[in-house]
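Trainee:
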Amino acid sequence: HKIRPAVAGQIVGRARTSIVKPTTPDKATPSLSVKHSVEMIDSSRRGEVGVIVMEDGLDVAAIGGLMGTAAKAREMAGIVIDGGVRDVAELRALGLPIYSSSITPATAVGRWASVAKDIPVQCGGVTVAPGDIIVAGEDGIVVVPSARAAEVLRKAQEIDERETKMVPFIKQHRSLTKVIEIF
4 HKIRPAVAGQ IVGRARTSIV KPTTPDKATP SLSVKHSVEM IDSSRRGEVG
54 VIVMEDGLDV AAIGGLMGTA AKAREMAGIV IDGGVRDVAE LRALGLPIYS
104 SSITPATAVG RWASVAKDIP VQCGGVTVAP GDIIVAGEDG IVVVPSARAA
154 EVLRKAQEID ERETKMVPFI KQHRSLTKVI EIF
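Structure follows, in structure tokens:
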């Protein structure tokens, strides 16, 4: 499944993670169902990105308006959810970018329990470790492993510089083929 903007906006920041798994009702009380996700948000620093994995949770919201309000108050850069989100109108009003794989009114309470935070997780089939750099926009989401950040930035800057130089030539020659030959 694809993770797409539920609340549009660009996200750039270091990852904080939490994971929530299906469980029995006695372990899915209101406090246990969101425990680690709430702790992750409440301990986040300005500019960090929450990455929440709802295991088998496409039809379950990882966050809603209250958690979104807390994330916005802590000045998080945004939230990426492998699972659902709810209270979308309220979240849009906050202006906090949130990407999720579904929108659903269903809560995790009674069915899912938060099990851990700040550990490596599989989000949308990609490993995300705490501290990895998350970049999200209309084109999709990229995870840059923390250890490779400098290398990836350098390569991205090289590509951007080369392509920026090509634009005036494309306009002048009105031919991408010709400009590729030049460069």
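For the sequence shown, this note's numbering assigns the number 4 to the initial residue and increments by one for each residue that follows.
Here a beta-carbon is modelled for each residue, glycine too, at the ideal position from N, C-alpha and C.
Predicted model only: the values in this text are computed from it and were never measured.
Taking the straight line between their C-alpha atoms, what separation do you get for residue 57 and residue 17?
Mentor: The count along the sequence shown starts at 1 and reaches residue 57 at position 54. The count along the sequence shown starts at 1 and reaches residue 17 at position 14. About 20 Å.
Trainee: Does any CB atom of chain C fall closer than 7 Å to the CB of residue 184?
Mentor: In the structure shown, chain C does not exist; there is a single protein chain.
Trainee: Just confirm the distance between the C-beta atoms of residue 44 and residue 139, as a whole number of angstroms; I'd bet it's less than 8 Å.
Mentor: Here residue 44 is taken as the residue at index 41 of the sequence shown, counted from 1. Here residue 139 is taken as the residue at index 136 of the sequence shown, counted from 1. The pair is not a contact, with the Cβ atoms about 17 Å apart (cut-off 8 Å).
Trainee: Alpha carbon to alpha carbon, how far is residue 156 from residue 23? Give it in angstroms, no decimals.
Mentor: Here residue 23 is taken as the residue at index 20 of the sequence shown, counted from 1. Here residue 156 is taken as the residue at index 153 of the sequence shown, counted from 1. Rounded to the nearest angstrom, the two C-alpha atoms are 32 Å apart.
Trainee: Please identify the residue among 174, 166, 136 whose C-alpha is closest to the C-alpha of residue 53.
Mentor: For this step, residue 53 is matched to residue 50 along the sequence shown. Residue 53 has its Cα closest to that of 136, out of 174, 166, 136.
Trainee: Do the region 150-170 and the region 80-99 meet, that is, are 3 or more Cβ pairs less than 8 Å apart?
Mentor: At 8 Å Cβ cutoff, the stretches do not touch.
Trainee: If you run the structure through DSSP and keep just helix, strand and coil, what is residue 63?
Mentor: Taking the sequence shown and counting its residues from 1, one reaches residue 63 at position 60. In the structure shown, residue 63 sits in coil (DSSP, three-state: anything other than H, G, I, E or B).
Trainee: Expressed to the nearest angstrom, what Euclidean distance is found between the alpha-carbon atoms of residue 29 and residue 38?
Mentor: Position 26 of the sequence shown holds residue 29. Position 35 of the sequence shown holds residue 38. Going by the C-alpha atoms only, they are around 14 Å apart.
Trainee: Beta-carbon within less than 6 Å of residue 71's beta-carbon, same chain only, minus the 5 sequence neighbours each way: which residues are those?
Mentor: The residue you call residue 71 lines up with position 68 of the sequence shown. So the list reads 94, 97, 99, once near-sequence residues are dropped.
Trainee: So, for residue 7: in the same chain, excluding its five sequence neighbours on each side, which residues have a beta-carbon less than 8 Å away from its beta-carbon?
Mentor: Counting from one through the sequence shown, the residue named residue 7 turns up at place 4. Cβ within range, chain order: 102, 103, 104.
Trainee: Does DSSP put residue 13 in a helix, in a strand, or in coil?
Mentor: Stepping through the sequence shown from its first residue, residue 13 is reached at position 10. Coil at residue 13, not helix or strand.
Trainee: Suppose you measure from the CA of residue 74 to the CA of residue 122; what does that come to, to the nearest Å?
Mentor: Position 71 of the sequence shown, counted from the start, is the residue given in the question as residue 74. Position 119 of the sequence shown, counted from the start, is the residue given in the question as residue 122. For residue 74 and residue 122, the distance between alpha carbons rounds to 19 Å.
Trainee: Quick one: grab the DSSP three-state call for residue 52.
Mentor: In the sequence shown, counting from the first residue as 1, residue 52 sits at position 49. Reduced to three states, the DSSP call for residue 52 is strand.
Trainee: Residue 86 to residue 27, Cα distance in whole Å?
Mentor: Start at 1 with the first residue of the sequence shown, and residue 86 comes out as number 83. Start at 1 with the first residue of the sequence shown, and residue 27 comes out as number 24. Near 19 Å, if we compare the C-alpha coordinates of residue 27 and residue 86.
Trainee: Would you mind sorting residue 170 into buried or exposed? The rule is 16 or more other CB atoms within 10 Å of its CB.
Mentor: Start at 1 with the first residue of the sequence shown, and residue 170 comes out as number 167. Its Cβ having fewer than 16 others within 10 Å, residue 170 is exposed.
Trainee: Output the boundary residues of the beta strand (DSSP E) element that contains residue 87.
Mentor: Locating residue 87 in the sequence shown gives position 84, where the first residue counts as 1. From DSSP, the beta strand (DSSP E) with residue 87 extends over 81-88.
Trainee: Roughly how many whole angstroms lie between the Cα atoms of residue 60 and residue 19?
Mentor: Position 57 of the sequence shown, counted from the first residue, corresponds to residue 60. Position 16 of the sequence shown, counted from the first residue, corresponds to residue 19. Roughly 19 Å separates the two Cα atoms.
Trainee: Within the same chain, show all residues whose beta-carbon is closer than 6 Å to that of residue 108, passing over the 5 residues directly before and after it, in chain order.
Mentor: As a working mapping, residue 108 is identified with position 105 in the sequence shown. Contacts found: 89.
Trainee: Excluding the five sequence neighbours on either side, which residues of its own chain have a C-beta within less than 8 Å of the C-beta of residue 67, listed in chain order?
Mentor: By 1-based counting over the sequence shown, the position of residue 67 is 64. So the list reads 88, 89, 90, 93, 94, 110, once near-sequence residues are dropped.
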